[in-house]
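Asks: I am attaching a structure below and will ask some questions about it afterwards.
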Amino acid sequence: MLATQVLRDEHEGILAMLAVVEAAAVRLRDGKPIPKDLMSNAADFFSNFADKCHHGKEEDRLFPKMAQYGIPEEDGPIAVMKAEHEQGRALVRAMREGAARYADGDAKAVPALVRNTLEYVELLREHIGKENQVLFMMADQVIPEAEQQVLARDYDEFEANVMGAGVHERYHAMIAEYQKLAASWN
629 MLATQVLRDE
639 HEGILAMLAV
649 VEAAAVRLRD
659 GKPIPKDLMS
669 NAADFFSNFA
679 DKCHHGKEED
689 RLFPKMAQYG
699 IPEEDGPIAV
709 MKAEHEQGRA
719 LVRAMREGAA
729 RYADGDAKAV
739 PALVRNTLEY
749 VELLREHIGK
759 ENQVLFMMAD
769 QVIPEAEQQV
779 LARDYDEFEA
789 NVMGAGVHER
799 YHAMIAEYQK
809 LAASWN
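The sequence shown begins at 629 in the numbering used here and counts up one residue at a time.
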């Protein structure tokens with residue numbers, strides 16, 4: 629499997645969780661309750677899976693490999709992706725803080741939690757579109773298939789070191805559980 633396909637596949641899980649938190653933020657905005665731990669769990673997912681694991685694979689493995697094949701890291705698409713990763717990190721930190729306050733019963737935390745969540749959803753959806761439609765296509769053009777396959781295998785080791793055994797599966801189970809919950813809100 630190509631390294632870029634591994635990342636595209638991970639995007640599907642991230643997009644699923646974005647849909648859940650978007651629905652939860654809209655419920656909160658409309659004065660309806662959500663499970664107290666949902667946003668904290670989501671912030672954990674975005675911090676660990678989407679950022680440390682997924683963005684880590686990009687920043688530590690894919691981007692340097694693209695640079696090796698002539699795609700500059702300090703300007704152009706890679707620099708934009710790195711800047712958006714930083715924006716996302718700041719929004720997730722704000723989400724985590726708001727989620728903790730919400731879980732503690734602080735109703736005043738809701739407006740900022742909703743705003744930060746919806747801003748993160750918009751940022752990441754656009755970011756994923758850019759990666760899938762531009763950056764990964766560039767990578768596919770410059771990185772030979774054999775090297776992409778080696779890189780994909782390297783991702784497994786990277787993931788094991790960053791998240792540990794079973795964490796990936798736990799997050800996917802959490803997404804499925806929250807997707808069922810969000811579907812019941814319609």
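Just so you know, even glycine gets a beta-carbon here, dropped at the ideal spot from N, CA and C.
These figures come from a predicted structure and were not determined experimentally.
Identify the continuous alpha helix (DSSP H) that holds residue 706 and give its terminal residues.
Replies: Segment 705-731, the alpha helix (DSSP H) holding residue 706.
Asks: Could you tell me which of 747, 634, 750 and 744 sits nearest to residue 685, measuring between CA atoms?
Replies: Closest option to residue 685, Cα to Cα, is 634.
Asks: Starting from residue 646, follow the alpha helix (DSSP H) in both directions and report where the run begins and ends.
Replies: That run of the alpha helix (DSSP H) goes 631-657.
Asks: Taking all protein chains shown into account, do 16 or more other C-beta atoms lie within 10 angstroms of the C-beta of residue 787, making it buried, or fewer, making it exposed?
Replies: Per the 10 Å Cβ criterion, buried.
Asks: Return the first residue and the last residue of the alpha helix (DSSP H) that residue 797 is part of.
Replies: Segment 795-812, the alpha helix (DSSP H) holding residue 797.
Asks: For the alpha helix (DSSP H) holding residue 676, just list the boundary residues, first then last.
Replies: Run containing residue 676: none; DSSP gives neither H nor E here.
Asks: Taking C-alpha atoms, which residue in 738, 804, 762 and 710 lies nearest to residue 664?
Replies: If we check each option's Cα against that of residue 664, 738 comes out closest.
Asks: Among residues of its own chain, excluding the 5 on either side of residue 780, which ones have a beta-carbon nearer than 6 Å to its beta-carbon?
Replies: Excluding residues within five positions, the ones whose Cβ falls inside 6 Å are 629, 631 and 634.
Asks: Measuring CA to CA, which of 763, 646 and 749 is closest to residue 708?
Replies: Residue 763 is the option with its Cα nearest to residue 708.
Asks: Helix, strand or coil for residue 775 per DSSP?
Replies: Helix at residue 775.
Asks: Could you check what DSSP says for residue 748 in three-state terms: helix, strand or coil?
Replies: Helix.
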